[in-house]
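Worksheet for the structure shown next.
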Amino acid sequence: QAGSTAANAAFSKILLWEISSAGRKTQAVCDASIGDLHRTVVAAIMKKCRSRAAFAIDVMDRNLYERANDCRWWALNASFARVLAAPSPEGRRLCGEILATINALYTVYSNLILFDTQGVVVAVSQPSQAHLVGQKLEAEWAARTLALRTGQHYAVSAFEPTPLYGEAATLIYTAAVQSPVGGRALGGIAIVFDSTPQFAAILADSLLTDEEGAALPGSFALLVGGDGRIISSSDPRFPVGAQSPLPIDAATLERDGDLAGIRSFEGKHMAVGAALSKGYREYKTSDGHRADVVALCAVPLGEVAADSADRPAAGAASVALAAHKPADGVEAFEVATFHIGRHWLGVPARDIIEAVDIAGLKPSAKKAGDGLLAGYKLHEGQPVPVLRLARLLGIPDASSDEQQIVIVRAAGRTLGLIVDALGLIPEIAASELQPLRDLTSKTDVPALGVVATRNARGEPAGMLMLLDVDRLGARLQGEGGPALVQAAE
Numbered sequence: 335q336a337g338s339t340a341a342n343a344a345f346s347k348i349l350l351w352e353i354s355s356a357g358r359k360t361q362a363v364c365d366a367s368i369g370d371l372h373r374t375v376v377a378a379i380m381k382k383c384r385s386r387a388a389f390a391i392d393v394m395d396r397n398l399y400e401r402a403n404d405c406r407w408w409a410l411n412a413s414f415a416r417v418l419a420a421p422s423p424e425g426r427r428l429c430g431e432i433l434a435t436i437n438a439l440y441t442v443y444s445n446l447i448l449f450d451t452q453g454v455v456v457a458v459s460q461p462s463q464a465h466l467v468g469q470k471l472e473a474e475w476a477a478r479t480l481a482l483r484t485g486q487h488y489a490v491s492a493f494e495p496t497p498l499y500g501e502a503a504t505l506i507y508t509a510a511v512q513s514p515v516g517g518r519a520l521g522g523i524a525i526v527f528d529s530t531p532q533f534a535a536i537l538a539d540s541l542l543t544d545e546e547g548a549a550l551p552g553s554f555a556l557l558v559g560g561d562g563r564i565i566s567s568s569d570p571r572f573p574v575g576a577q578s579p580l581p582i583d584a585a586t587l588e589r590d591g592d593l594a595g596i597r598s599f600e601g602k603h604m605a606v607g608a609a610l611s612k613g614y615r616e617y618k619t620s621d622g623h624r625a626d627v628v629a630l631c632a633v634p635l636g637e638v639a640a641d642s643a644d645r646p647a648a649g650a651a652s653v654a655l656a657a658h659k660p661a662d663g664v665e666a667f668e669v670a671t672f673h674i675g676r677h678w679l680g681v682p683a684r685d686i687i688e689a690v691d692i693a694g695l696k697p698s699a700k701k702a703g704d705g706l707l708a709g710y711k712l713h714e715g716q717p718v719p720v721l722r723l724a725r726l727l728g729i730p731d732a733s734s735d736e737q738q739i740v741i742v743r744a745a746g747r748t749l750g751l752i753v754d755a756l757g758l759i760p761e762i763a764a765s766e767l768q769p770l771r772d773l774t775s776k777t778d779v780p781a782l783g784v785v786a787t788r789n790a791r792g793e794p795a796g797m798l799m800l801l802d803v804d805r806l807g808a809r810l811q812g813e814g815g816p817a818l819v820q821a822a823e
């Protein structure tokens, strides 16, 4: 009868192991399928972000290509050359009318300015800017403009605040008005680009949208200069002139032209696409003008959990350990594993009574100075002291929807341990346990040792720390321990 009972127990254990193994394989297949689907979706989003960033920078380059052409074309107006060569009140009025007509047709400019060889403003396109007439332009681009000797060349300001644009930052494109004879500059024309609405429209069109055409919540797009400062932003959190919240390696973009990746920002994983300005036709490719600008498109993928970077690794390690069954005849024991924050811990399964829900945890009447005692939990009619294991191990507290209390036998009494999530119950060979004393000289860690795991490729997959529950129980019997126990009971 005894032999039959032992055989049944052994058979039951094998059966349960095979069921567990099948369950793990099924879970692995499901996890792999979900993982593949997740990677496919994320890859598609990143591709869209990169595509939208490339779209934004291409539209910007084409827009500014036209501005570089406009200033040179209008500088060829014979009336401008004639008036600058022989100034008169009537001539200045005529130039103002011509500029106003041009500006009425080209609304991408906030003002058009004609100036002489001294940099003095002769005429403007906007009546509201008439006070500029007679004033001298002190900006460095005015001198560069007057140094141009052919109608094939142009000058452009840095993207910076200017009084010509209400102290906001913009670009000013200029060309010299050449004398019909002698190749001498008679003055220049400056076009003040209305950058704020123009760039904003480009970024608005580059945002990823839902089926109804609304921008995806939390998404944003930026134009960023070579110095890392924002030129334009679709999000008011990132004002013009501020540093970009998502720095991009310009050298990588210089080599590849565009890129996509995942960045952590403000507690969220973001899919980010970036593209570097490449110019358009001769603009910024062969005309001598160089100004690095990067377009960014970002979309939130999800929250960054406090332990998200490590919990999956621990989960993979537990599956690897569970799949590694000790050989027959080898001394082995089962370990009930669980997670606390990013740490993977366990206790001998023989010391486990059960795991219960954390609901119903009662606060203790006496608080421990180190916050070790969380309170007590009624178990089978008896109050059980519940410890914050994270505090004891020096792990930052981290709440979890999966938190449970593991009831254990420790040093002749019953204790509860708060854990963030339960793990598998693998069987490990005693020889695989590395005693803690062989790894560290610290004696205050209540652990028996650690078990290193490897995946199917033989690569390190994680580390399991095996706790010493008797030392945990002794902690309550030590200094201050009885008072804590009485407080709970």
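Just add 334 to wherever you are in the sequence shown, counting from 1, and you've got my numbering. Beta carbons: idealized from backbone N, C-alpha and C, even for Gly.
Counting of Cβ neighbours within 10 angstroms places Arg-384 among the buried residues, the total reaching 16 or more. Judged by beta-carbon spacing, Ala-745 lies within the 8 Å limit of Ala-808, meaning their Cβ atoms are closer than that value.
A straight line joining the alpha-carbon of Ala-510 with that of Phe-493 spans about 20 Å. Here the region 513-528 lies against the region 409-425, with 3 or more beta-carbon pairs under 8 Å apart.
Looking from the CA of Phe-572, the closest CA among Pro-495, Val-784 and Ala-555 belongs to Ala-555. In this structure, Ala-409 lies away from Tyr-507, with their beta-carbon atoms at least 8 Å apart.
A residue is called buried when at least 16 other Cβ atoms come within 10 angstroms of its Cβ; Asp-450 meets this threshold and is buried. By the beta-carbon neighbour count (other beta carbons within 10 angstroms, threshold 16), Gly-715 is exposed.
When C-beta atoms of the region 522-541 are compared with those of the region 438-456, three or more pairs fall below 8 Å, so the two segments count as touching.
The three-state secondary structure of Ser-566, taken from DSSP, is strand.
With a minimum length of 4 residues, the unbroken runs of alpha helix (DSSP H) contained wholly in the region 568-642 fall at 584-590. Judged by DSSP in its simplified three-state form, Thr-451 adopts coil rather than helix or strand.
In this structure, Ala-473 lies away from Cys-631, with their beta-carbon atoms at least 8 Å apart.
Between Glu-546 and Lys-602, the C-beta gap is not smaller than 8 Å, which leaves the two residues out of contact. Residue pairing by DSSP puts Val-742 in a beta bridge opposite Ile-686 and Leu-749. Burial of His-673 is indicated by the presence of at least 16 other C-beta atoms within 10 angstroms of its C-beta. A direct Cα-Cα distance of roughly 37 Å separates Val-627 from Arg-426. Residue environment for His-465: exposed (fewer than 16 other C-beta atoms within 10 angstroms of its C-beta). Residue state for Pro-495 is assigned as strand, using DSSP reduced to three classes. For a cut-off of 8 Å, the C-beta gap from Ala-689 to Ile-739 is around 7 Å, short enough to register as a contact. By the neighbour-count definition (other C-beta atoms within 10 Å, threshold 16), Val-375 is an exposed residue. In this structure Val-720 is in contact with Leu-695, their Cβ atoms being roughly 6 Å apart against a cut-off of 8 Å.
Residue state for Gln-460 is assigned as coil, using DSSP reduced to three classes. The C-alpha of Ile-687 lies about 25 Å from the C-alpha of Glu-766. For Ile-596, the number of other beta carbons within 10 angstroms of its own is below 16, and it is reported as exposed. Per DSSP, Gly-559 is one residue of the beta strand (DSSP E) stretching across 554-559. Around the C-beta of Pro-579, 16 or more other C-beta atoms lie within 10 Å, and the residue is accordingly described as buried. A direct Cα-Cα distance of roughly 42 Å separates Leu-806 from Met-604. Residues of the same chain with a CB within less than 7 Å of the CB of Ala-457, apart from the 5 flanking positions on each side, are Arg-426, Cys-429, Gly-430, Leu-433, Leu-448 and Val-467 in chain order. A straight line joining the alpha-carbon of Leu-798 with that of Phe-667 spans about 14 Å.
Pro-769 is classed as exposed because its beta carbon has fewer than 16 other beta carbons within 10 Å across all chains shown. Per DSSP, Leu-706 is not a residue of any alpha helix (DSSP H), being assigned neither H nor E.
Taking 8 Å as the cut-off, the Cβ atoms of Val-490 and His-623 count as close.
Nearest Cα to Leu-498 within the set Gln-469, Lys-381 and Leu-480: Gln-469. Here Asn-411 is not bridged, per DSSP, to any residue. In this structure, the straight-line span from the alpha carbon of Leu-727 to that of Phe-389 is close to 51 Å.
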